[in-house]
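Beneath this line is the structure, given in structure tokens, with notes to follow.
2 protein chains.
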Amino acid sequence: MNIVEFAKILNLSIGTVSRALNDRAEVSPKTRQMVLEKAEELGFVRNTNARRLVIGRNYMIRIECPTSTHILSDRYLVELARGVEEVAGAHGYDLLLHLGTHRSDAVDVQEVDGLVIVAGSETTADDIRRLTQKGRTPAVVIAWATPLDFPAASYVCLDTLPGVREALECLASLGHRRIGYIGSGQPGQRLRDAFPRLMAEAGLTWDPALAREAGTTPDDGCRAALELLALSEPPTALFARTDVLASGAVQAVSQLGKTVPGDVSVIGHDNIEAAALVNPPLTTVAINIPDVAVLAVKALLAMITEKADPITLTVGTHLIVRRSCGPASS
Amino acid sequence: MNIVEFAKILNLSIGTVSRALNDRAEVSPKTRQMVLEKAEELGFVRNTNARRLVIGRNYMIRIECPTSTHILSDRYLVELARGVEEVAGAHGYDLLLHLGTHRSDAVDVQEVDGLVIVAGSETTADDIRRLTQKGRTPAVVIAWATPLDFPAASYVCLDTLPGVREALECLASLGHRRIGYIGSGQPGQRLRDAFPRLMAEAGLTWDPALAREAGTTPDDGCRAALELLALSEPPTALFARTDVLASGAVQAVSQLGKTVPGDVSVIGHDNIEAAALVNPPLTTVAINIPDVAVLAVKALLAMITEKADPITLTVGTHLIVRRSCGPASS
DNA sequence: AATAATTTCATGAATATTGTCGAATTTGCC
DNA sequence: GGCAAATTCGACAATATTCATGAAATTATT
């Protein structure tokens, strides 16, 4: 049934019905009420495509997420999508999903009003340029640390330093003085570089001898931890760049017949699902994804509806305290 | 730019341009070629809404997923979405995401050609009826074990028994005879009921004294395992209904000063991310989500494009062997 | 072999799809 | 009758597609 038939049944003109359905003022309250009731009763729904064609808007935003090398793990991706959908949905927008590489061409823009782009570690400014049709489609990019070099988009940057700062302050307050750093190689570069400064800010001194670059597996973390704990002046606490490495570090401690947090404290990063399940549950650095989603969508909607200028925001991480940290052993 | 302007630039009629773009036979190859090239060059894209309005199809399927009580964890949800997008995308369909409860009303059908509905444990046949507009919209439901009572939809059922059967056979072949069962309460009912039969099929005898219903946390699993291991004739292997419970069971074993898999073997269920990170990495029962996605979308596309009748398929779980199982200790 | 007749083919014009919105018109009320 | 509120009318959005047209190509006829 289309609006013509529907209007005929109601003995009203198409225009009146349309206005009633659009909640416009020029229609009498009783008429509106009647139209709404009848629509419900007869199951009449306007044709979305015709509607969008006429009003020239799609009420649709697409969320773009690369397959490989996520900033956000799958778990966070769902959380992000949920948040995005919630606030976008409240404004009448649908969410279109596009997983898979940013490089794929066949992305019919024209059918969305805006883009939420989750940048992977390999995403470049050129990718954003192409995805946004040279900036013609409003877009907000979820990026690590700093915006990409494409100023027509808005950015929500994920800054991991605040949470790490908290972590170090937490360790410092527990009396730890020698803190080991287990890195994950390439992607963690920025944190690695900032680590000495963060240590200083927490009133600690940075000893380069206590840093190891590990890989990505628990075993990598375990090996690095064993090395550090075998030093003549071993650290009393370990900070690992990822929870996976941290879980390996925990294993290393128990291999040495010691306990976490009794003998050694461990802090991870990312708050993966497993972090709460490891024994002991891991104190870790996390980011509030719903916050990110809300900020991103708000920025995007402002660009779409008010032609607002692109903005750059930063969301910091924070510490989640579980049971893997305790007072420094003397 | 719309097709009118575009046709004017090309000195062709709208009809010819449209035909060329739609790859229809009635247009000469040179003309088509020219149109395609020029479209690329001038960046002309047809208006999706007008297009869909005219052809009466949306080329869009929506994936429906309830917030609470997933059949599939978030991780699997992304995997499912990826699979769905891949095969649906290959047929020109976009993927619309709808997370949140199935109960929410404001779901403008009319704008999608089909639905992939992930049933939660609370989803009812009535929910499906409403979502599909009494069956008017083609739909495929991802459900546990058996179809819901709404035959207008297709079903891909997730059957956990095959993987559990494999698990028990694996334990039997390692010499285990007494196997403990740690359940998760309500949702695991079906497996619970089938467990004695599966035991028998693996050549084992079922002892009701070795069953405990735990909750959902690692601690629940730990407690249940401690109880079982304190029996006068304790089990030599533990099957836990979820990996979370299994991780608790592993903790229980080490609390008793014993090791997994040296003294006690443990098998989990679900293959959550953490399963591979626990120490030792957990042997567990998993389902192949990409398979599920592919089957679901194929069934759905058949319903959409060929008006195929709804079908019911079943995908079974399988065992993933890691390092938490070993020969029975004597 | 040449001309007429017929078929094939590409193209153009017109119409259909469904809803929105500004302008014009009707209705109601004083 | 005049004014305001409510309603109707008609143009418009962008594309697919049917039907008609003209040209070219093929066949038939003598």
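Chains as they are written, first to last, in the numbering used here: chain B, 323 to 652; chain X, 323 to 652. C-beta atoms are modelled at their ideal positions from N, C-alpha and C, and glycine is treated no differently. None of these values were measured; they are calculated from a predicted model.
As assigned by DSSP and simplified to three states, the class of M382 (chain X): strand
Can you have a look at I501 (chain X) and say buried or exposed, based on whether 16 or more other CB atoms are within 10 angstroms of its CB? buried
Cross-chain neighbours of N610 (chain X) in chain B, by beta carbon under 7 Å: Those within 7 Å of N610 (chain X) in chain B number zero; the least Cβ separation is about 16 Å.
Give the secondary structure of R644 (chain X) by DSSP, where H, G and I count as helix, E and B as strand, and everything else as coil. coil
Could you run through the stretch 579-604 of chain X and flag, in chain order, every residue whose CB is less than 8 Å away from some CB of chain B? I594, E595, A596, L599, V600 and N601
Starting from L470 (chain B), trace the beta strand (DSSP E) both ways and give me its first and last residue. No beta strand (DSSP E) holds L470 (chain B); DSSP gives it neither H nor E.
Would you say L497 (chain X) faces chain B, with C-beta separation under 8 Å as the test? The amino acid occupying residue 497 (chain X) in the given sequence is Gly; Leu does not appear at that position. No, because no Cβ of chain B sits closer than 8 Å to the Cβ of G497 (chain X).
Kindly indicate which residue of X:A596, X:P557 and X:T564 has the alpha-carbon position closest to the one of P583 (chain X). X:P557
Compare the C-alpha of N657 (chain X) against each of X:F366, X:L560 and X:A531 and name the closest. The structure shown does not extend to residue 657 (chain X), since chain X spans only 323 to 652, so no value can be given for it.
Is G405 (chain B) buried or exposed, if buried means 16 or more other CB atoms sit within 10 Å of its CB? buried
Three-state secondary structure (DSSP) of G510 (chain B): helix
Quick check on the DSSP output: the beta strand (DSSP E) that includes G543 (chain B) runs from which residue to which? Not the beta strand (DSSP E): G543 (chain B) falls in the alpha helix (DSSP H), residues P540 to L551.
For the candidate residues B:G507, B:F472, B:D481 and B:L560, whose alpha-carbon lies nearest to that of C492 (chain B)? B:L560
Nearest residue (CA-CA) to L470 (chain X), options X:P649, X:T639 and X:P632: X:P632
Rounded C-alpha distance that separates T338 (chain X) from V438 (chain X): 37 Å
Pairwise C-alpha distance: Y398 (chain B) and C479 (chain B): 15 Å
Measure the C-alpha to C-alpha separation of Y381 (chain B) and H413 (chain B) and round it to an integer number of angstroms. 9 Å
Where Y503 (chain X) sits in the DSSP three-state scheme: strand
Tell me, please, whether the stretch 588-606 of chain B touches the stretch 642-651 of chain B by the rule of three or more beta-carbon pairs shorter than 8 Å. yes
Since G505 (chain X) and A536 (chain X) are thought to touch, with beta carbons under 8 Å apart, how far apart are those beta carbons, to the nearest angstrom? 7 Å
Below 8 Å CB to CB, which residues in the same chain sit around D541 (chain X) once its five sequence neighbours on both sides are set aside? G570
Mind checking which residues open and close the beta strand (DSSP E) that includes C479 (chain B)? S476 to D481
If you run the structure through DSSP and keep just helix, strand and coil, what is G485 (chain X)? helix
Below 8 Å on the Cβ atoms is my guess for L418 (chain X) versus V434 (chain X); work out the distance and round it to an integer in Å. 6 Å
What does N369 (chain X) touch in chain B if you count any residue whose Cβ is under 9 Å from its own? L375, Q432 and E433
Please list, in chain order, the chain X residues whose beta carbon lies closer than 9 Å to that of E407 (chain B). L419, H420, L421 and G422
Taking 8 Å as the limit between beta carbons, can you name the residues of its chain near R545 (chain X), skipping five residues before and five after? A536, G570 and A574
Would you say G411 (chain X) and E407 (chain B) are within 8 Å of each other, going by their C-beta atoms? no
DSSP three-state assignment for S651 (chain B), whether helix, strand or coil: coil
What span of residues does the beta strand (DSSP E) with T606 (chain B) cover, start to end? T605 to I609
Within the continuous alpha helix (DSSP H) that includes D449 (chain B), where are the two ends? A447 to L453
Which whole-angstrom value is the C-beta distance of R487 (chain X) and L520 (chain X), which I expect to be below 8 Å? 5 Å
Restricting to Cα atoms, I'd like to know which of B:K620, B:Y415, B:P388 and B:L358 is closest to T445 (chain B). B:P388
If contacts are defined as beta-carbon pairs under 8 Å, then L402 (chain X) and A615 (chain X) qualify, I think. What distance do you get, rounded to the angstrom? 5 Å
Express the C-alpha separation of P649 (chain X) and G497 (chain X) in angstroms, rounding to a whole number. 6 Å
So, helix, strand or coil for D435 (chain B), using DSSP? coil
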